[in-house]
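Going from the sequence shown to the working numbering is simple: count from 1 and add 1128.
Every residue, glycine too, gets a C-beta built ideally from N, C-alpha and C.
None of the values given here were measured: they were computed from a predicted structure.
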Amino acid sequence: MATKLTFEGVDTTVELEDHAVTLTGATTAARTDDNAGGPPAGEGPVVIPRWEIASATVKSATLLGYGTLTITTNAGLEYAVRFSRDAEDRFGNLAEIIG
């Protein structure tokens, strides 16, 4: 049976499954390189197979700003998801699981 974990970010949902990570929402995992392949940010869900993920890093939230989970693929694409301070532990755990 497949396992599915859901993490709520700022206008974004990250779904972690056994085989893929799916990023959906109003600010769907903003791509940092718009010239690379793949769907543009904000146009439907982004599905990243687990074996395509090179790294996942977390930048901590501050009193005045959101934190960021950045997922980098083997192809060099980067997807960033923002989260609030109260979700920092959950997103840190997510980065450890997928990174």
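The C-alpha of Thr1201 lies about 19 Å from the C-alpha of Thr1140. Ala1215 counts as buried, since at least 16 other C-beta atoms from the protein chains shown sit within 10 angstroms of its C-beta.
In this model, Ile1199 and Thr1150 are separated by some 11 Å (Cα to Cα). Rounded to the nearest whole angstrom, the C-alpha separation of Glu1143 and Lys1187 is 19 Å.
In the three-state DSSP reduction, Leu1222 falls in the helix class (H, G or I).
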